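What follows is a single structure, written as structure tokens, with notes after it.
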Amino acid sequence: MRASVGAWLAVAAAAARSFDGAIDHAGREQVIHFFRGNSSARYFSIVEAWGGEIVVFAKEAVPGHRGHEHDRVSFWTNCRGVLKDREDIAGGCFRAPIKHLTDYRSARDANWAHNTASLFEDGVLHMIGGRDGRRRVAHHHVARDGVYRREFRSLRELDARAARVARDTATLDAAPHPTDLAPAFYGNHSNCTERRPHFAPNCEFDGRFSLARHGDKVLAFARANVVGLEHAAAPGSASTSKMLVFGGRFVQVAAAPAAAGPFGPFALLRVAGYAPARDANIYFASVGANPADADSLLALFPVLSEAGAAIAVAASCDGETWGALAVLANTTDAGGGRTLDHPADGWLVDGATGTVYFFLHRNVPFIREDEQLGDAAFGPRSALTRVPVALATLAAFTERHLPGGCGR
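In terms of mature numbering (1 follows the signal peptide of the UniProt record, and there is no 0), the sequence shown is residues -18 to -1, 1 to 390.
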């Protein structure tokens, strides 16, 4: 564990200068929950759903199965007290037994769990996930055959699926084929950007998705790999195979009239002052409606580039063109083009105090290069934290940072 949580709190002046300033916080970053030392939970999503119920989703690696072929989506319910009201209830919902939405023994469920995103609207929880790697040689337990969607219409339905997964895992030798997954799109989707020779021309969609409603459209944000380099194995290595070069991770977006699709062609994001490159990485985007401006979107980005490492925030009026990146919080270089910390997908608004709560996942497990060794290679305990920003501050930020052409 880090010696001091305070190391997370202040935005370093150097980082703020490297980006377009920093957004002021309305208070200190607070630790919501420290996870157990061997927790693999990451890619957190905060969803305010039925009747104001707050559900937290995360991806987990199943113990004893390193890599990404036995992922599962897990979740906690009844999280309003600890996340929004900040009641002192000893960890709140995270003290309750975790529930599992997917069966890790199902190749399709495990693939869907790798990068799942959620959108709640009109009483329906929409979720998409999955990778497409059909150009790769198939091997055990892999079903990278595209991006799939599923829906839940009540908390009872969500809990019923978790109960069924628990029962099947305990009583069946093999996972039943999931029948509630419907195709969303595939790696050969129109205008998809994937420049790594190992996958091109199909997109793998190896990063996490984000879904956002904007006006009459639902936007799907996905990983785009904009660098197509390879290099040979290191001199003296026994391996003669090609190794992929990490770098050039970016984001692309496609629009649909509804969460069920159909999605139109992808387009790469345009971010003011940022140029995708080999040594520049936006690992993913967490996108949602801007609570301070109904006509715009906000995004949180884990950014690592020559400008530095930061959890950055930006605003957009269409989801494709974004203003300059400002620093929401510090992070550090974890190696391999990754940041040590991630933003959670989703934020909450406290109307009584005029505050927006953003959530960060600190010390993401298995993100550092020196942790890519096996199940025992866990780093410091990870934590879910809360960053408060005043709605008035966010409104002023939006006014300054919306890109040109927004018609303001």
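All C-beta atoms, glycine included, are put in the ideal place defined by N, C-alpha and C.
Just so it is clear, the structure is predicted and the values come from calculations on it, not from any experiment.
Below 8 Å on the Cβ atoms is my guess for GLY255 versus LEU307; work out the distance and round it to an integer in Å. The residue you call residue 255 lines up with position 273 of the sequence shown. The residue you call residue 307 lines up with position 325 of the sequence shown. 7 Å between Cβ atoms; contact.
Determine the extent of the beta strand (DSSP E) in which THR367 is found, giving its start and end residues. As a first step, residue 367 must be located in the sequence shown, where it is residue number 385. Where THR367 is concerned, the enclosing beta strand (DSSP E) stretches over 365 to 372.
Can you grab the Cα-Cα spacing for the pair ALA216 / VAL253, in whole Å? Counting from one through the sequence shown, the residue named residue 216 turns up at place 234. Counting from one through the sequence shown, the residue named residue 253 turns up at place 271. Confidence at ALA216 is low in this model, with a pLDDT of 43, below 50, so its placement is unreliable and the value that follows should be read with caution. Between ALA216 and VAL253, the C-alpha separation is close to 35 Å.
If I measure Cβ to Cβ from GLY336 and keep anything under 8 Å in the same chain, skipping five residues before and after, which residues do I get? For this step, residue 336 is matched to residue 354 along the sequence shown. Correct list, in chain order: ALA372, LEU373, ALA374.
In this structure, does DSSP put GLY386 in helix, strand or coil? Translated into the one-based positions of the sequence shown, residue 386 becomes position 404. Reduced to three states, the DSSP call for GLY386 is coil.
Can you tell me the Cα-Cα spacing of THR222 and ARG178, whole angstroms? Taking the sequence shown and counting its residues from 1, one reaches residue 222 at position 240. Taking the sequence shown and counting its residues from 1, one reaches residue 178 at position 196. Confidence at THR222 is low in this model, with a pLDDT of 37, below 50, so the placement of that residue is unreliable and no value is reported for it.
DSSP has ASN207 in a bridge; who is on the other side? Along the sequence shown, one-based indexing puts residue 207 at 225. Per DSSP, GLU176, ARG231.
Taking one C-beta from the region 1 to 10 and one from the region 284 to 304 each time, how about it: are there three or more such pairs within less than 8 Å? yes
Sort ALA202, ASP198, LEU251 by Cα distance to GLY111 and report the nearest one. On the sequence shown, residue 111 is found 129 positions in, with the first residue counted as 1. Among ALA202, ASP198, LEU251, the Cα nearest to that of GLY111 belongs to ALA202.
Taking DSSP as the reference, what is the three-state secondary structure of ALA308? The residue labelled residue 308 in the question sits at position 326 within the sequence shown. Reduced to three states, the DSSP call for ALA308 is strand.
Return the residue from the list ILE14, ASP141, ALA316, LEU384 that minimises the CA-CA distance to LEU65. Position 83 of the sequence shown, counted from the start, is the residue given in the question as residue 65. Answer by Cα proximity: ILE14.
Thinking C-alpha only, which one of ARG344, TYR168, TRP304, ARG132 is nearest PHE17? Taking the first residue of the sequence shown as position 1, residue 17 is located at position 35. With distances taken between Cα atoms, PHE17 lies closest to ARG344.
Please say whether GLU35 and ARG54 have beta carbons closer to each other than 8 Å? On the sequence shown, residue 54 is found 72 positions in, with the first residue counted as 1. On the sequence shown, residue 35 is found 53 positions in, with the first residue counted as 1. Taking 8 Å as the Cβ cut-off, ARG54 and GLU35 do not qualify as a contacting pair.
Between the beta-carbon of PHE266 and the beta-carbon of ARG363, is there less than 8 Å? For the purposes of this step, residue 266 is taken as residue 284 along the sequence shown, with counting starting at 1. For the purposes of this step, residue 363 is taken as residue 381 along the sequence shown, with counting starting at 1. No, the Cβ-Cβ distance between PHE266 and ARG363 is not below 8 Å.
Can you tell me whether THR375 is helix, strand or coil according to DSSP? For the purposes of this step, residue 375 is taken as residue 393 along the sequence shown, with counting starting at 1. THR375 falls in the helix class under three-state DSSP.
ALA311 and GLU11: beta carbons closer than 8 Å? The sequence position of residue 311 within the sequence shown is 329, counting from 1. The sequence position of residue 11 within the sequence shown is 29, counting from 1. For ALA311 and GLU11, yes; Cβs fall inside 8 Å.
Could you give the distance in angstroms between the alpha-carbon of GLY246 and the alpha-carbon of GLY19? Locating residue 246 in the sequence shown gives position 264, counting from the first residue. Locating residue 19 in the sequence shown gives position 37, counting from the first residue. When rounded, the distance between both Cα atoms is 42 Å.
Roughly how many whole angstroms lie between the Cα atoms of PHE341 and CYS388? Working through the sequence shown from its first residue, we reach residue 341 at position 359. Working through the sequence shown from its first residue, we reach residue 388 at position 406. Roughly 28 Å between the two C-alpha positions.
Considering only their Cβ atoms, is the gap separating ALA166 from VAL129 smaller than 8 Å? Against the sequence shown, residue 129 aligns to sequence position 147. Against the sequence shown, residue 166 aligns to sequence position 184. Yes, the pair counts as a contact, with Cβ atoms nearer than the cut-off.
For a test of the three-state rule: what should DSSP assign to TRP329, helix, strand or coil? To locate residue 329, count along the sequence shown from 1; it is residue 347. Coil at TRP329, not helix or strand.
I'd like to know whether the C-beta of ALA306 is nearer than 8 Å to at least one C-beta of chain C. Protein chain content of the structure displayed is limited to a single chain, and chain C is not contained in it.
Taking contact to mean at least 3 C-beta pairs separated by less than 8 Å, is the region 182 to 190 in contact with the region 149 to 164? no
Note down, in chain order, each residue of its chain lying with its Cβ closer than 8 Å to the Cβ of ALA377, except the 5 sequence neighbours on either side. In the sequence shown, counting from the first residue as 1, residue 377 sits at position 395. Cβ neighbours of ALA377 beyond the five flanking positions: ALA274, ASP275.
Once you ignore the five residues that flank ARG126 on each side, which residues in its own chain have a CB closer than 8 Å to its CB? Locating residue 126 in the sequence shown gives position 144, counting from the first residue. Within the same chain, ARG126 has close Cβ partners ASN93, GLY112, ARG113, ASP114, GLY115, ARG116, ARG118, GLU186.
Excluding the 5 residues preceding and the 5 following ALA237 in the sequence, name in chain order all residues of the same chain whose CB lies nearer than 6 Å to its CB. Walking along the sequence shown from the start, residue 237 turns up at place 255. LYS199, LEU201, GLY246, listed in sequence order.
Helix, strand or coil: which one does DSSP assign to ARG138? Within the sequence shown, residue 138 is the residue found at index 156, counting from 1. The answer is helix: DSSP assigns ARG138 an H, G or I state.
In three-state DSSP terms, what is ALA322? Counting from one through the sequence shown, the residue named residue 322 turns up at place 340. According to the sequence provided, residue 322 is Leu. The question's Ala does not apply to it. Here LEU322 sits in coil by DSSP.
Check the C-beta distance from THR380 over to SER278 and give it rounded, since I have them as a contact under 8 Å. Here the question's residue 380 lines up with position 398 in the sequence shown. Here the question's residue 278 lines up with position 296 in the sequence shown. Confirmed, about 6 Å.
Determine, using beta carbons only, whether ASP150 and ASP85 come nearer to each other than 8 Å. For the purposes of this step, residue 150 is taken as residue 168 along the sequence shown, with counting starting at 1. For the purposes of this step, residue 85 is taken as residue 103 along the sequence shown, with counting starting at 1. Yes; because the gap between Cβ atoms is below 8 Å, this pair is in contact.
Out of VAL331, LEU384, HIS108, point me to the one whose CA is closest to THR303's CA. Mapped onto the sequence shown, residue 303 falls at position 321. The option with the nearest alpha carbon to THR303 is LEU384.
Suppose the cutoff is 7 Å on Cβ atoms and the five residues either side in sequence are ignored; what does the same chain contact list for SER22 look like? For the purposes of this step, residue 22 is taken as the residue at position 40 of the sequence shown. Contacts found: GLU42, ALA43, PRO347, PHE348.
Opposite TRP58 in the DSSP bridges: which residues? Residue mapping note: residue 58 aligns to position 76 of the sequence shown, counting from 1. VAL38.
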